[in-house]
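2 protein chains.
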Amino acid sequence: MSLFSGLSAFPLTPTDQDGRLKPDTLAWHVERLVTAGVDSIGLLGSTGSYAYLTMEARMRTVRVAAEAIGGRVPLIVGVGALRTDEAAALARDAAEAGADGVLLAPMSYQKLTEDEVYQHFKAVAAAGRLPLCIYNNPGTTNFNFSRDLIARLSRLPHVEGVKMPLPVNGDFKGELAGLRSMTAQGFSIGYSGDWGAKNALQAGADAWFSVVAGLLPGPARQLARAAASGDPEEAAGIDRAFEPLWATFREFGSFRVMYALANLLGEEEIEPLRPVLPLAADGRRKVRSALSHLDDVMASPDKIAPRSKQ
Amino acid sequence: MSLFSGLSAFPLTPTDQDGRLKPDTLAWHVERLVTAGVDSIGLLGSTGSYAYLTMEARMRTVRVAAEAIGGRVPLIVGVGALRTDEAAALARDAAEAGADGVLLAPMSYQKLTEDEVYQHFKAVAAAGRLPLCIYNNPGTTNFNFSRDLIARLSRLPHVEGVKMPLPVNGDFKGELAGLRSMTAQGFSIGYSGDWGAKNALQAGADAWFSVVAGLLPGPARQLARAAASGDPEEAAGIDRAFEPLWATFREFGSFRVMYALANLLGEEEIEPLRPVLPLAADGRRKVRSALSHLDDVMASPDKIAPRSKQ
């Protein structure tokens, strides 16, 4: 089975306000994912603040996580950077630290051409020599992949999958069929955008790259299983329980919501790095209420009483 | 007169492929701008690769440029960064190095809210304590300013101007009137997007933040003067001579074209940092041809025979 299949959980990277890693808190996050049995851990994705951390902090994060995971679950590391040499250095470092794969977003400042992105991916894939997943997220990277470019990239050594944003028209089947017809044999196609995960998996997507699974891996796993195994009623029921949380993701951005969730579930307060601000009281209330809707789905190990102080 | 008025010229930041500054080449770029009598130098703007350079390289660039300029022309320094603490540190450093003002772009990875951008600007303005120009360029920063936000920001201490992108509908007069009615007294409103500069200045914009002036300050100054002083025929004639170059800006992005121009005008080959690629032969040919259209406008000190090797 491809490294880029099943439920990939994206944890936050807990830091102080100077961007220094809190290693014990990271280990707590990662341990919950291992215990819940996710199929892979997507460290330093967008949810993991990769874009906001220094090279040194990112390398340290990989080492701390790799040690905490201890090979029990495959580790995929986000190595996106505005510069090719930096992304390549991060990919090499991830390989040295024992990562199983890398995730590469075409972070952009100047609008990049297709050829520039192709050369960038080629260089970083060659540097890391690990299975590489294309991180397609125009909302954050400001780059739009054409299907042709994904198809070309799928033929590069080491490039083994793509993480797609939700299709604007909702037509997962059509998009999957189109991409499968153009990409290399065995190329994995997964989705991010948690509120579309059920439909994506039911349409035959290989993977769900999940933000929420970074903190609620149990319910996410139940949703993924029900959707992928063809139990539409159960899947719909779990998705309904998630809906209030999806609503907060759409309203506030999942990144901010995850910090609020972490502070409901964990012992230590963490905040996003500025300029991103923590949710205000109204937003935190909505997240807390959304979490209570998941009570029925929250079988152990996720069944955790939110802390009373929130 | 405001620091953010007249012709502001944005030079490239020449580096090697590891992002290390070439100080002598930077001094050459800057000296040409001083000699041509631009109204200010916009160091480390988008054209100056600020987004691609390390904090250390940026600080060094400011020091080298400040020394080369020696107070002969006001120096404005781009201090944008994804993190507030980093942008604030860059603003403090620019002030220490003798800059006259700073330019702040709301670089984004996670989509920022208006309140986040407001707090970010407030913190950076307070850190630098220099006149600050809002850098409004959604194409690179992935953030769209509302007029309300610009108006709020214009009332913050130190925030004295905005660099606007060309209005989509071309209505400079309407946009200027709208912004002037909402922003603080004396707030400066200028434009970037060189092919719209003539119309912007004729409509009463305070400043032209010019990419092309980073390498062709003489012709840019002639265009700015003709447009601002109300000689529409002369302005139209100079703008026509620029049109083939504007066409390359629109086709390839002005950033890539500037490197090709620099290699036609200067002694030393420079290239953008990867993933951005230098123009291919076809593009370089178009730039060379566009430059020849400017021959009549290229009075000294810009009249330079392109090197024969190109």
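Protein chains in written order, with this note's numbering: chain A, 1 to 310; chain B, 1001 to 1310. The beta carbon of each residue, even a glycine, is placed where N, CA and C say it ideally should be. This structure is a prediction, so every number in the text was calculated from the model and none was measured.
Measure how close the beta-carbons of residue i and residue j come, nearest whole angstrom, since I'm counting them as under 8 Å.
i                      : j                      : result
residue 1224 (chain B) : residue 1208 (chain B) : 5 Å
residue 76 (chain A)   : residue 133 (chain A)  : 7 Å
residue 1153 (chain B) : residue 1124 (chain B) : Incorrect: roughly 11 Å between the Cβ atoms, too far for contact.
residue 1290 (chain B) : residue 1248 (chain B) : 6 Å
residue 274 (chain A)  : residue 1085 (chain B) : 7 Å
residue 1261 (chain B) : residue 1227 (chain B) : Not really, about 21 Å apart at Cβ, beyond 8 Å.
residue 1003 (chain B) : residue 1100 (chain B) : 6 Å
residue 165 (chain A)  : residue 137 (chain A)  : 6 Å
residue 213 (chain A)  : residue 189 (chain A)  : About 18 Å; that fails the 8 Å criterion.
residue 26 (chain A)   : residue 87 (chain A)   : About 22 Å separates the two Cβ atoms, so there is no contact after all.
residue 82 (chain A)   : residue 1052 (chain B) : 6 Å
residue 1044 (chain B) : residue 1270 (chain B) : No, residue 1044 (chain B) and residue 1270 (chain B) are not in contact; Cβ-Cβ is about 15 Å, not under 8 Å.
residue 1097 (chain B) : residue 1063 (chain B) : 5 Å
residue 255 (chain A)  : residue 287 (chain A)  : Actually they are not in contact, since the Cβ atoms of residue 255 (chain A) and residue 287 (chain A) sit about 13 Å apart, beyond 8 Å.
residue 78 (chain A)   : residue 50 (chain A)   : 4 Å
Strictly below 8 Å CB to CB, what residues from chain B border residue i?
i                     : result
residue 120 (chain A) : 1274 and 1275
residue 52 (chain A)  : 1082, 1083 and 1109
residue 112 (chain A) : 1275 and 1276
On the DSSP bridge assignment, give the partners of residue i in chain order.
i                      : result
residue 1209 (chain B) : B:1008
residue 1191 (chain B) : B:1164 and B:1208
residue 42 (chain A)   : A:76
residue 1159 (chain B) : B:1132
residue 1015 (chain B) : B:1021
Please check if any C-beta of chain A sits within less than 7 Å of the C-beta of residue i.
i                      : result
residue 1116 (chain B) : yes
residue 1308 (chain B) : Residue confidence for residue 1308 (chain B) is low, a pLDDT of 39 falling below 50, so the modelled location carries little weight; the figure read from the coordinates is stated next. By this cut-off, residue 1308 (chain B) is not an interface position.
residue 1255 (chain B) : yes
residue 1144 (chain B) : no
residue 1305 (chain B) : Here residue 1305 (chain B) scores only 43 on pLDDT, less than 50, and its place in the model should not be relied on; the value that follows carries that caveat. Not one chain A Cβ lies under 7 Å of residue 1305 (chain B).
residue 1248 (chain B) : no
residue 1140 (chain B) : yes
residue 1088 (chain B) : no
residue 1010 (chain B) : no
Find the residues of chain B that neighbour residue i, judging by a C-beta separation of less than 9 Å, and give them in chain order.
i                    : result
residue 16 (chain A) : Per Cβ cutoff of 9 Å: no residues; residue 16 (chain A) is ~11 Å from chain B at best.
Against chain B, with Cβ distances strictly below 7 Å, would residue i count as a contact?
i                     : result
residue 25 (chain A)  : no
residue 13 (chain A)  : no
residue 302 (chain A) : Only weak support exists for where residue 302 (chain A) lies, its pLDDT of 46 falling under 50; the value from the coordinates is given anyway. Cβ-Cβ to chain B under 7 Å: no for residue 302 (chain A).
residue 293 (chain A) : no
Chain A partners of residue i, CB-CB under 8 Å?
i                      : result
residue 1019 (chain B) : 83 and 85
By the criterion of Cβ-Cβ separation under 9 Å, what are the contact partners of residue i in chain A?
i                      : result
residue 1161 (chain B) : Neighbours of residue 1161 (chain B) on chain A: none; closest Cβ ~21 Å, over 9 Å.
query = Enumerated in chain order, which unbroken segments of the beta strand (DSSP E) with a length of 3 residues or greater are wholly contained in the segment 1097-1157 of chain B?
reply = Those beta strand (DSSP E) runs which fall completely within the segment 1097-1157 of chain B and span 3+ residues are 1101-1104 and 1132-1135.
message = Which runs of the alpha helix (DSSP H) at least 4 residues long sit entirely within the segment 252-287 of chain A? Give them in chain order.
response = Considered as a whole, the segment 252-287 of chain A harbours 254-265 as its complete alpha helix (DSSP H) runs of no fewer than 4 residues, in chain order.
* Hey, which unbroken runs of the beta strand (DSSP E) at 3 residues or more fall wholly within the segment 217-254 of chain A? -> For the segment 217-254 of chain A, not a single whole beta strand (DSSP E) run of length 3 or above is found.
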